[in-house]
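Counting from -7, one number per residue, gives the positions in the sequence shown under my numbering. Each residue gets a CB set at the ideal place from its N, CA and C atoms; glycine is no exception.
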Amino acid sequence: MFEVRDLRFKNILNIDKAVFNKPTVCLIGPSGCGKSTLLRMLNKMEEPDSGAVFYNELDIRSISAVNLRREVTMLPQTPIVYEGNVRDNLLIGHKLQHRELPSDDKLEEALEQMYLKLKLDQDTARLSGGEKQRLCLARVILLDSPVYLLDEPSAALDPHNEKRILDQIVRWIHDQNKQLIMVTHAVELAQTYAEQLIKMDGGKIE
């Protein structure tokens, strides 16, 4: 669970208090209102000018970025696909965090979860935008973190894949007792999936 108190950042965020305490939380609002910046605050990718962010009642300033990110995995709005093959991309998160590498069976299972019919030794250079986004989602799901911060996770997906991918992610979040905090511009999507819906405007929570 996250809580922010008296959070101020440049001219972007001005939040007195907010608590994110449901399994699925959606942040909505117009472009430039501070949604993505707030998401980055929760993962120590941005530092507030004043105020504090708490994760499970601990001020995240007392938690190292490495330890926090082992618990709280973030996928930015423009996911990064690395040169190499599908296997390389699925394993990079584990390698960066010095975790034991999952088996090929686990990698293929993650691909199936994201409805990707890719070979592990397939080069990523010719993947479509939607395939790249789903590959990055498979990569973070493999990390099996307690909390996921997803910034526009379906932006590159067509409507059919958008629904089934988000259905799959939200079902997995509930089945595994995790938390999802998701930024989206799509109000209908937020209303469909959010148990807690937070509207932002002008850096404030309405």
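* Can the beta-carbon of SER42 be found less than 8 Å from the beta-carbon of ARG0? -> Taking the first residue of the sequence shown as 1, we reach residue 42 at position 50. Taking the first residue of the sequence shown as 1, we reach residue 0 at position 8. In this structure, ARG0 lies closer than 8 Å to SER42 by Cβ.
* Spell out a yes or no on whether the segment 54 to 74 and the segment 131 to 150 are touching, meaning 3 or more CB-CB pairs, one atom from each, closer than 8 Å. => yes
* Which value, in whole angstroms, describes the spacing of the CA atoms of ALA102 and GLY121? -> The count along the sequence shown starts at 1 and reaches residue 102 at position 110. The count along the sequence shown starts at 1 and reaches residue 121 at position 129. Each residue's alpha carbon lies about 18 Å from the other.
* To do: For the segment 51 to 76, list the beta strand (DSSP E) runs that are entirely contained and at least 3 residues long, ordered along the chain.
  => 64 to 67
* Give the single residue among GLY194, GLY195, LYS170 whose Cα lies nearest to the Cα of THR16. => Residue numbering aside, residue 16 sits at position 24 when the sequence shown is read from its first letter. Here the closest residue by C-alpha is LYS170.
* **Three-way DSSP call (helix, strand, coil) for ALA186 in this model** => One-based indexing of the sequence shown puts residue 186 at position 194. Of the three classes helix, strand and coil, the one that applies to ALA186 here is coil, per DSSP.
* To do: May I ask you to report which of helix, strand or coil DSSP gives ASP167?
  => Counted from its first residue, the sequence shown places residue 167 at position 175. Helix.
* If you drop the 5 nearest sequence neighbours on each side, which residues of the same chain put their C-beta closer than 7 Å to that of LEU108? -> In the sequence shown, counting from the first residue as 1, residue 108 sits at position 116. For LEU108, where only same-chain residues beyond five positions count, the Cβ hits under 7 Å are GLU123, ARG126, LEU127, ALA130.
* Three-state secondary structure (DSSP) of LEU135 -> Taking the sequence shown and counting its residues from 1, the one referred to as residue 135 is at position 143. Correct three-state label for LEU135: coil.
* Proximal residues to MET174 (C-beta, below 6 Å), its chain only, five neighbours per side dropped -> Position 182 of the sequence shown, counted from the first residue, corresponds to residue 174. Cβ within range, chain order: CYS18, LEU142.
* Excluding the five sequence neighbours on either side, which residues of its own chain have a C-beta within less than 7 Å of the C-beta of CYS25, listed in chain order? -> The sequence position of residue 25 within the sequence shown is 33, counting from 1. Within the same chain, CYS25 has close Cβ partners MET192, ASP193, GLY194, GLY195.
* Asked: Do the CB positions of LEU99 and LEU112 come within less than 8 Å of each other?
  -> As a first step, residue 99 must be located in the sequence shown, where it is residue number 107. As a first step, residue 112 must be located in the sequence shown, where it is residue number 120. Yes, the pair counts as a contact, with Cβ atoms nearer than the cut-off.
* Asked: What span of residues does the beta strand (DSSP E) with ILE7 cover, start to end?
  -> Residue 7 sits at position 15 when you count from the first residue of the sequence shown. Element bounds for ILE7: 5 to 12.
* To do: Give the straight-line distance between the Cα atoms of PRO94 and ASN77, rounded to the nearest whole angstrom.
  => Within the sequence shown, the letter at position 102 stands for residue 94. Within the sequence shown, the letter at position 85 stands for residue 77. Near 16 Å, if we compare the C-alpha coordinates of ASN77 and PRO94.
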